[in-house]
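My numbering numbers the first residue of the sequence shown as 16 and each following residue consecutively. Here a beta-carbon is modelled for each residue, glycine too, at the ideal position from N, C-alpha and C. Quick caveat: nothing in here was measured; it's all calculated off a predicted structure.
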Amino acid sequence: MTEQNTEGLRVIRRALLSVSDKAGIVEFARELQRFDVELISTGGTARELREAGISVTDISEVTGFPEMMDGRVKTLHPRIHGGLLALRDNAEHLQAMRDHGITPIDMVVVNLYPFEKTVAREGVMIEEAIEQIDIGGPAMIRSAAKNFRDVAVIVEPASYELILHELKQNKGALPVALRRKLALQAFEHTSAYDGAISEYLSLAEGEEFPAEESAPDALPETDTQILSKISDLRYGENPHQKAALYKIDDPYKATETGGVARAELLNGKEMSFNNYVDADAAWQLVSDFDETTCAIIKHTNPAGVGSASTAEEAYRRALATDPVSAFGGIVAFNCRVDEAAARAVTEIFTEVVIAPDYDGKALEALKAKKNLRVLRAGALPRAAGLDYRQITGGMLVQTRDSHRLSRTDLRVVTERAPSEEEVRALLFAWTVSKHTKSNAIVYAREGQTVGVGAGQMSRVDSVKLGAMRAQLPLRGTVLASDAFFPFRDGVDEAALHGITAIIQPGGSMRDLEVTAAANEHGLAMVFTGVRHFKH
Numbered sequence: 016m017t018e019q020n021t022e023g024l025r026v027i028r029r030a031l032l033s034v035s036d037k038a039g040i041v042e043f044a045r046e047l048q049r050f051d052v053e054l055i056s057t058g059g060t061a062r063e064l065r066e067a068g069i070s071v072t073d074i075s076e077v078t079g080f081p082e083m084m085d086g087r088v089k090t091l092h093p094r095i096h097g098g099l100l101a102l103r104d105n106a107e108h109l110q111a112m113r114d115h116g117i118t119p120i121d122m123v124v125v126n127l128y129p130f131e132k133t134v135a136r137e138g139v140m141i142e143e144a145i146e147q148i149d150i151g152g153p154a155m156i157r158s159a160a161k162n163f164r165d166v167a168v169i170v171e172p173a174s175y176e177l178i179l180h181e182l183k184q185n186k187g188a189l190p191v192a193l194r195r196k197l198a199l200q201a202f203e204h205t206s207a208y209d210g211a212i213s214e215y216l217s218l219a220e221g222e223e224f225p226a227e228e229s230a231p232d233a234l235p236e237t238d239t240q241i242l243s244k245i246s247d248l249r250y251g252e253n254p255h256q257k258a259a260l261y262k263i264d265d266p267y268k269a270t271e272t273g274g275v276a277r278a279e280l281l282n283g284k285e286m287s288f289n290n291y292v293d294a295d296a297a298w299q300l301v302s303d304f305d306e307t308t309c310a311i312i313k314h315t316n317p318a319g320v321g322s323a324s325t326a327e328e329a330y331r332r333a334l335a336t337d338p339v340s341a342f343g344g345i346v347a348f349n350c351r352v353d354e355a356a357a358r359a360v361t362e363i364f365t366e367v368v369i370a371p372d373y374d375g376k377a378l379e380a381l382k383a384k385k386n387l388r389v390l391r392a393g394a395l396p397r398a399a400g401l402d403y404r405q406i407t408g409g410m411l412v413q414t415r416d417s418h419r420l421s422r423t424d425l426r427v428v429t430e431r432a433p434s435e436e437e438v439r440a441l442l443f444a445w446t447v448s449k450h451t452k453s454n455a456i457v458y459a460r461e462g463q464t465v466g467v468g469a470g471q472m473s474r475v476d477s478v479k480l481g482a483m484r485a486q487l488p489l490r491g492t493v494l495a496s497d498a499f500f501p502f503r504d505g506v507d508e509a510a511l512h513g514i515t516a517i518i519q520p521g522g523s524m525r526d527l528e529v530t531a532a533a534n535e536h537g538l539a540m541v542f543t544g545v546r547h548f549k550h
């Protein structure tokens, strides 16, 4: 019942084609017929093949039943699954096939209803989404993949060229090793598909299917990560570690249309693991500003941040914060980069530049530096989502820190209120502190960082470090602290350097003592009521 070629490999004689993504299917089917493969197909796929002049057998002719219930029932039949699941070297299976008129199916070419694309559309109704839940397709994929020693299963149009090449090389057959690889790909495909459905139904709300009563910010009871490898990286954080870059295929987690993972590399050698980590830190920082802003990042912390009316001036303000640390850094813009900004960036050694887009002249200037990696990232990440942190034996999940402060959120707690200029500087410093490793202290003027103290074990040490690292005058600056001051010593230390105002969350047991210190020094201080730890 199963034909073998001269090398003992099972020849493909009968294939079932049922695809939602019809890219390349006509050409693939035509080539299969050159190997004398009988083609079985369903609905729209069969129609497209016939229109191309390809002979095809309707699935209903095999099952003896018409497609029914709007196509919900067409392939769920013993003559289909028996033809897929029967072991070709099992006498009982072969006898059962003869008894019930079941013919082997040697290849399944199936890709599933576009569920992810459907639910990613704005305003899609749950009834429409449910109709895109494929039943017969995953069943056939799983049957074929389970029996990969006898059946080849193909779920991606990108595999067609490889399959045809192997058929030519093996006289109409496919090696077992390849069928096993295709089976693995198939199970990964159905797993991701089921994960997307589960994710959607856990979040969907509607009149017919009301959501369970729960806290509005409740996280899902189960969570599925759907990742697809984009590329291998040379190594990880260190040369002895392996690494790769993956994209998020889940429409509920891939909340950005652009982003660092999907950014287009326009110039320079391939990105490293650390390049991606730092580029993402820079990208998220500049995305938190509405004004034209540039950030220079080293080891995920800001070496300098500037906002201005032009990209060039924003860059020069960021660079002036700490020109020494900026050497070999990551530069991010939240705006289209023009020639003037690009030429300014190339004045010192920079590892990576990332921006939504670039002018033609800007690209010419940047490409003149052959080792400078230039990333075009597209849209800025504005959407909320979930953050994941792996720990030994598990995963921590939290909602993304998407909080953005406005002047109406500020609560003045000192005798002196900040001036309008100080308020603008405080809001700028506060946004930068959100993207600085805790304990975080940021000295700033309006539109420019002056000193950054990051990642110290005590807050007063961060105050000292930020002042020590300042290359610009500190007198007249403001200070942002990502969390409250537990003691007055941080305020006293900052006052020594001539600051005029402080922004901090408040909430310490010693808030009155800290506020008294600010009053003693004639400082304005505002509380935000929000903390921005970044660990």
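Item: My output table needs one value for A539: the three-state DSSP class, helix, strand or coil.; Value: strand
Item: Look up R164 in the DSSP assignment and say whether it is helix, strand or coil.; Value: coil
Item: Would you say T451 and N316 are within 7 Å of each other, going by their C-beta atoms?; Value: yes
Item: Find the nearest neighbour of G152 within the set T57, E66, S213 and L197, judged by alpha-carbon distance.; Value: T57
Item: Rounded to whole angstroms, what is the Cα-Cα separation between F288 and D374?; Value: 27 Å
Item: Would you identify the three-state DSSP class for S35, choosing helix, strand or coil?; Value: coil
Item: In chain order, what residues of the same chain have a beta carbon less than 6 Å from the beta carbon of K382, not counting five sequence neighbours either side?; Value: N282
Item: Cutting at 6 Å between CB atoms, please list the residues of its own chain near G481, excluding the five before and the five after it.; Value: I456, Y458, G466, V467 and G468
Item: Assuming L32 contacts T60 (C-beta within less than 8 Å), just tell me the rounded distance between them.; Value: 6 Å
Item: Would you please state the rounded distance, in angstroms, between the beta carbons of A297 and I312? I believe it to be under 8 Å.; Value: 4 Å
Item: Just reading off the beta strand (DSSP E) that K244 is part of, what are its end residues?; Value: L242 to L248
Item: Using three-state DSSP, classify A198 as helix, strand or coil.; Value: helix
Item: How many whole angstroms separate the CB atoms of E437 and A516, which I take to be in contact at a CB cut-off of 8 Å?; Value: 4 Å
Item: Hey, E508 and V478 are a contact pair by Cβ (cut 8 Å); roughly how many whole angstroms apart?; Value: 5 Å
Item: Which residues in the same chain have their Cβ closer than 6 Å to the Cβ of G210, if we skip the five residues on either side of it in sequence?; Value: T239 and I241
Item: Let me know the beta strand (DSSP E) ranges lying completely inside the region 416-482, each 3 residues or longer, listed in chain order.; Value: 456-460 and 463-468
Item: Look at the alpha carbon of I27 and the alpha carbon of R49, and state the distance between them as a whole number of angstroms.; Value: 12 Å
Item: What does DSSP give as the partner residues of P396 in its beta bridges?; Value: BP columns for P396 are empty, so no partner.
Item: Starting from A485, trace the alpha helix (DSSP H) in both directions and tell me its first and last residue.; Value: First-last for A485: undefined, no H or E at that position.
Item: Taking the beta carbon of Q2 as the centre, do at least 16 other beta carbons fall within 10 Å, making it buried, or is it exposed?; Value: Shown here, the chain extends from 16 to 550; a query on residue 2 therefore has no answer.
Item: What span of residues does the beta strand (DSSP E) with V346 cover, start to end?; Value: G344 to F348
Item: Assuming G98 and I120 are in contact, meaning their beta carbons sit under 8 Å apart, how far apart are those beta carbons, in whole angstroms?; Value: 4 Å
Item: Which two residues bound the contiguous beta strand (DSSP E) that contains T5?; Value: The question about residue 5 has no answer, for the chain in this structure spans 16 to 550.
Item: Of the choices V125, I145 and H115, whose alpha-carbon is the least far from that of A30?; Value: V125
Item: Whether or not the region 414-431 and the region 525-543 are in contact is what I'm after, with contact meaning three or more pairs of Cβ atoms, one per stretch, closer than 8 Å; do they touch?; Value: yes
Item: What do you get for D201, buried or exposed, if any count of 16 or more other CB atoms within 10 angstroms of its CB means buried?; Value: The sequence shown places Ala at residue 201, not Asp. It is buried - the Cβ of A201 has at least 16 other Cβ atoms within 10 Å.
Item: Quick one: Cα of R439 to Cα of V320, how far?; Value: 15 Å
Item: Closest to F417 by C-alpha separation, out of F43, R546, V168 and L64, would be which residue?; Value: Looking at the sequence itself, residue 417 is Ser, so the reference to Phe does not match. Nearest of F43, R546, V168 and L64 to S417, Cα basis: R546.
Item: Check whether the Cβ atoms of A38 and P254 sit closer than 7 Å, and answer yes or no.; Value: no
Item: Would you mind sorting R388 into buried or exposed? The rule is 16 or more other CB atoms within 10 Å of its CB.; Value: buried
Item: Is F500 buried or exposed, if buried means 16 or more other CB atoms sit within 10 Å of its CB?; Value: buried
Item: Quick check: what's the CA-CA separation for I345 versus V71?; Value: 56 Å
Item: Could you say which of A278, I40, E53 and H204 lies nearest to M155 if we only look at CA atoms?; Value: H204
Item: Let's see if you can read the secondary structure: which residues bound the alpha helix (DSSP H) around K382?; Value: G375 to K382
Item: Here's the rule I'm using: 16 or more other beta-carbon atoms within 10 Å means buried, otherwise exposed. How should A226 be labelled?; Value: Annotation note: pLDDT 49 at A226 (below 50); position unreliable, no value reported.
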